[in-house]
Amino acid sequence: MELDPLLLSRLQFAFVVCFHAIFPVFTIGLASYIAVLHGLFYKTDNPAWDRLALFWTKVFAVVFGMGVVSGIVMSFQFGTNWSNFSLATSNFLGPVLSYEVVTAFFLEAAFLGVLLFGRHKVPEGVHLFAALMVAVGTFISSFWILAANSWMQTPAGYELIDGRFHITAWSEAIFNPSFWYRFAHMGMASFLTGGFVVAGVSAWFLLRKRDVEANKKALSMCLWLLLFLTPAQAVIGDFHGLNTLEHQPTKVAAMEANWETQSNAALLLFALPDQDAQTNRFEIGIPSLASLILTHQSDGEVPGISDVARDEQPPVAIVFWAFRVMVGLGLLMIGVALTGLLLRRRGRVYESSRYLKTLVVMIGSPFLAVLAGWIVTESGRAPWLVYGVMSHAQGLTPSLSGGMALFTLLGYIGVYSVVFYAGIYYLTRVVRNGMLPAPEEVAGETERPKRPLSAAHTPFDDGLKGANS
Numbered sequence: 001m002e003l004d005p006l007l008l009s010r011l012q013f014a015f016v017v018c019f020h021a022i023f024p025v026f027t028i029g030l031a032s033y034i035a036v037l038h039g040l041f042y043k044t045d046n047p048a049w050d051r052l053a054l055f056w057t058k059v060f061a062v063v064f065g066m067g068v069v070s071g072i073v074m075s076f077q078f079g080t081n082w083s084n085f086s087l088a089t090s091n092f093l094g095p096v097l098s099y100e101v102v103t104a105f106f107l108e109a110a111f112l113g114v115l116l117f118g119r120h121k122v123p124e125g126v127h128l129f130a131a132l133m134v135a136v137g138t139f140i141s142s143f144w145i146l147a148a149n150s151w152m153q154t155p156a157g158y159e160l161i162d163g164r165f166h167i168t169a170w171s172e173a174i175f176n177p178s179f180w181y182r183f184a185h186m187g188m189a190s191f192l193t194g195g196f197v198v199a200g201v202s203a204w205f206l207l208r209k210r211d212v213e214a215n216k217k218a219l220s221m222c223l224w225l226l227l228f229l230t231p232a233q234a235v236i237g238d239f240h241g242l243n244t245l246e247h248q249p250t251k252v253a254a255m256e257a258n259w260e261t262q263s264n265a266a267l268l269l270f271a272l273p274d275q276d277a278q279t280n281r282f283e284i285g286i287p288s289l290a291s292l293i294l295t296h297q298s299d300g301e302v303p304g305i306s307d308v309a310r311d312e313q314p315p316v317a318i319v320f321w322a323f324r325v326m327v328g329l330g331l332l333m334i335g336v337a338l339t340g341l342l343l344r345r346r347g348r349v350y351e352s353s354r355y356l357k358t359l360v361v362m363i364g365s366p367f368l369a370v371l372a373g374w375i376v377t378e379s380g381r382a383p384w385l386v387y388g389v390m391s392h393a394q395g396l397t398p399s400l401s402g403g404m405a406l407f408t409l410l411g412y413i414g415v416y417s418v419v420f421y422a423g424i425y426y427l428t429r430v431v432r433n434g435m436l437p438a439p440e441e442v443a444g445e446t447e448r449p450k451r452p453l454s455a456a457h458t459p460f461d462d463g464l465k466g467a468n469s
């Protein structure tokens, strides 16, 4: 059997991106939360905020380290697997990715050490400023990355000369038609991810009666955050969908498994798309609801997948089901947030073991929703690397063989599996060790700056300190 280098390269990039994405989407939200905790401590001098900030900074150090390790090799693939794409888009992607390093990475590098190791060594105001700068740096980084990705989805401000993209208007290229919607959607996803993780971990501690007062404060903050942000994310997602309908109608058609352009389109709750037959083998839907949601008119016209040639159609089943996973998890998160409000009004939010256990289980939900969303975004634009202009096949490295692509794919899977297992194992130890009883106990020798992971202060191989299983 002949190995297809294009398919293997796409699988490799999808694996690497999905693996890496779960770390920055968490650290962006967590960095902002840590900055808020430092601000509250600076204003109130309440040691509970200080202890929470220290604990979550340790978690941040571990996750940030995993994100750096998993992200370094991502850009290598542009040269090894997608050299034609790299050459064609270098006039845009080269400067944009460089701007990320100059503006975001340098900012984070300058202040991350102060945040991780400056405790009790710099004035609290300086420590707070460092936390704010790290949070700002994470958002600047996401700004440039999403500008690059959005340009690939909705290219603008360029002209194509001899197969290469030349930028004619940088403002149009960076602030392309889908950028602000994607940036807002991902920013909100980062806050939701951080909120659900902090809420779940706080609930886990409350179930074990550990650091009750501090974790009540953390849980209360997160539940208020989630109460407002979960429905806000749905609204942003609706605007993002309208933008996608305008600029990438085939992607929207695949999201709804809608094969023929039609008005009064039904919202399919369940379907078995058959791409070969260009139809759904089985479907359950609500009449006219897809038209109402997508166009805000019950008789609005929804585009069909068959409007484009088969070789320009995305994998419908993948896009259709990934979209429903994302939306289903989003609705579940809204329900959990509203349940928290109901229990708060009854004075039972901290005492309901069932709800606290639900929050623990929900820790993974925002990560799954983000991955499902990225699958919709990236699979939905197939077969295009630059939408409507350059296909996957055109961007592939000409000399890449199937054997070479398989070798690197297996190598990535092996290395990333080790990184993920070691990182999650160590992160679990950090969380189970919990908050230190007094901030002063971490001052001194252990605070000497080494590497980000050393800020966690948790040994990798000896017994847990005061952990409860």
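Mind the numbering: the sequence shown is residues 1 to 469 in the UniProt record's numbering, read in order.
A virtual CB, placed ideally from N, CA and C, is assigned to each residue, including glycine.
Just so it is clear, the structure is predicted and the values come from calculations on it, not from any experiment.
Residue interval of the alpha helix (DSSP H) (run including I72)
Residue numbering aside, residue 72 sits at position 72 when the sequence shown is read from its first letter. Start and end: P47 to I72.
Please report the residue range of the alpha helix (DSSP H) in which E283 lies.
Indexing the sequence shown from 1 puts residue 283 at position 283. Run containing E283: none in the alpha helix (DSSP H); it sits in the beta strand (DSSP E), T279 to I286.
Local Cβ density within 10 Å of N46, reported as buried at 16 or more and exposed below that:
On the sequence shown, residue 46 is found 46 positions in, with the first residue counted as 1. Exposed.
Beta-carbon contacts of D211 that lie in its chain and below 8 Å, excluding the five residues immediately before and after
Counting from one through the sequence shown, the residue named residue 211 turns up at place 211. Only R51, F205, G434 and M435 meet the Cβ criterion.
Using C-beta distances below 6 Å, list every residue in its chain close to G395, excluding the 5 sequence neighbours before and after it, in chain order.
Numbered from its first residue, the sequence shown carries residue 395 at position 395. Within its own chain, the residues whose Cβ lies closer than 6 Å to the Cβ of G395, once the five positions on either side in sequence are excluded, are W82, N84, F85 and L385, listed in chain order.
Since L289 sits in a beta bridge, which residues does DSSP pair it with?
Position 289 of the sequence shown, counted from the start, is the residue given in the question as residue 289. DSSP output for L289 lists no bridge partner at all.
Closest to L225 by C-alpha separation, out of D238, N176 and A189, would be which residue?
Numbered from 1 along the sequence shown, position 225 holds the residue referred to as residue 225. Taking L225 as reference, the option from D238, N176 and A189 with the minimal CA-CA separation is A189.
Under a Cβ-count criterion, where at least 16 other Cβ atoms within 10 Å of its own Cβ denotes burial, should Q297 be classed as buried or exposed?
In the sequence shown, counting from the first residue as 1, residue 297 sits at position 297. Answer is exposed; the Cβ neighbour count stays below 16.
Does A14 come out as helix, strand or coil in the three-state DSSP assignment?
In the sequence shown, the residue the question calls residue 14 occupies position 14. Per DSSP, reduced to three states, the secondary structure at A14 is helical.
How is P273 classed by DSSP in three states: helix, strand or coil?
By 1-based counting over the sequence shown, the position of residue 273 is 273. Judged by DSSP in its simplified three-state form, P273 adopts strand.
By alpha-carbon positions, which one of S142, F191, S291 and A266 ends up nearest to G285?
Residue numbering aside, residue 285 sits at position 285 when the sequence shown is read from its first letter. Residue A266 is the option with its Cα nearest to G285.
From E172, R10, W321 and L128, residue whose alpha carbon lies closest to that of L54
Locating residue 54 in the sequence shown gives position 54, where the first residue counts as 1. It is L128 whose Cα lies nearest to the Cα of L54.
Cβ pair count under 8 Å reaching 3, the segment 321-341 against the segment 369-385
These segments touch.
Separation of R432 from L359, as counted between CA atoms
Start at 1 with the first residue of the sequence shown, and residue 359 comes out as number 359. Start at 1 with the first residue of the sequence shown, and residue 432 comes out as number 432. Distance between the alpha carbons of L359 and R432: 17 Å.
Put H392 into one of helix, strand or coil per three-state DSSP.
The residue given as residue 392 occupies position 392 in the sequence shown. In the structure shown, H392 sits in a helix (DSSP, three-state: H, G or I).
If distances are taken between C-alpha atoms only, which option among H166, V336 and S399 comes closest to L93?
Counting from 1 along the sequence shown, the entry for residue 93 is found at position 93. Considering only H166, V336 and S399, the residue with the shortest C-alpha distance to L93 is H166.
Is DSSP giving L160 helix, strand or coil here?
For the purposes of this step, residue 160 is taken as the residue at position 160 of the sequence shown. Strand.
Can you tell me the Cα-Cα spacing of S142 and E283, whole angstroms?
Working through the sequence shown from its first residue, we reach residue 142 at position 142. Working through the sequence shown from its first residue, we reach residue 283 at position 283. So the two alpha carbons sit approximately 38 Å from each other.
With a Cβ-Cβ cutoff of 8 Å, do S263 and G237 count as a contact?
Locating residue 263 in the sequence shown gives position 263, where the first residue counts as 1. Locating residue 237 in the sequence shown gives position 237, where the first residue counts as 1. Going by C-beta atoms, S263 is not nearer than 8 Å to G237.
By the 10 Å Cβ neighbour count, where 16 or more other Cβ atoms means buried, how is E256 classified, buried or exposed?
Translated into positions along the sequence shown, residue 256 becomes position 256. It counts as buried.
Could you tell me the boundaries of the beta strand (DSSP E) in which L331 lies?
Here residue 331 refers to the residue found at position 331 when the sequence shown is read from its first residue. L331 -> not in any beta strand (DSSP E); alpha helix (DSSP H) instead, spanning V316 to R345.
Any idea what DSSP makes of W384, helix, strand or coil?
Position 384 of the sequence shown, counted from the first residue, corresponds to residue 384. Of the three classes helix, strand and coil, the one that applies to W384 here is strand, per DSSP.
What residue range does the alpha helix (DSSP H) around F239 cover?
Taking the first residue of the sequence shown as position 1, residue 239 is located at position 239. Here the alpha helix (DSSP H) through F239 covers V212 to H247.
With a 10 Å radius around its C-beta and 16 neighbouring C-beta atoms as the bar for buried, classify A31 as buried or exposed.
One-based indexing of the sequence shown puts residue 31 at position 31. Around the Cβ of A31, a 10 Å sphere holds 16 or more other Cβ atoms; the residue is buried.
Less than 6 Å between C-beta atoms, sequence neighbours within five positions excluded: which residues of the same chain meet that for H38?
Residue mapping note: residue 38 aligns to position 38 of the sequence shown, counting from 1. The residues are A53, L128 and A131.
Take K216 and list the residues in its own chain whose beta-carbon comes closer than 6 Å to its own, dropping the five residues that flank it on each side.
Here residue 216 corresponds to residue number 216 of the sequence shown, with the count starting at 1. Correct list, in chain order: Y350.
Between the alpha carbons of T193 and P366, how many angstroms are there, rounded?
Translated into the one-based positions of the sequence shown, residue 193 becomes position 193. Translated into the one-based positions of the sequence shown, residue 366 becomes position 366. Put simply, the backbone Cα of T193 is about 5 Å away from that of P366.
Let me check understanding here. Comparing Cα to Cα, which of E378, P155 and W180 lies closest to T168?
Taking the first residue of the sequence shown as 1, we reach residue 168 at position 168. Comparing Cα-Cα distances from T168 to each of E378, P155 and W180, the minimum goes to P155.
Alpha carbons only, please: which of Y425, S150, A214 and V376 is nearest the one belonging to C18?
In the sequence shown, residue 18 corresponds to position 18, counting from 1. The residue from Y425, S150, A214 and V376 with its alpha-carbon nearest to that of C18 is V376.
When every heavy atom of the ligand COA is checked, does at least one fall within less than 7 Å of the C-beta of V68?
Summarising the ligand content, the structure contains no ligands, and the ligand COA is consequently not present.
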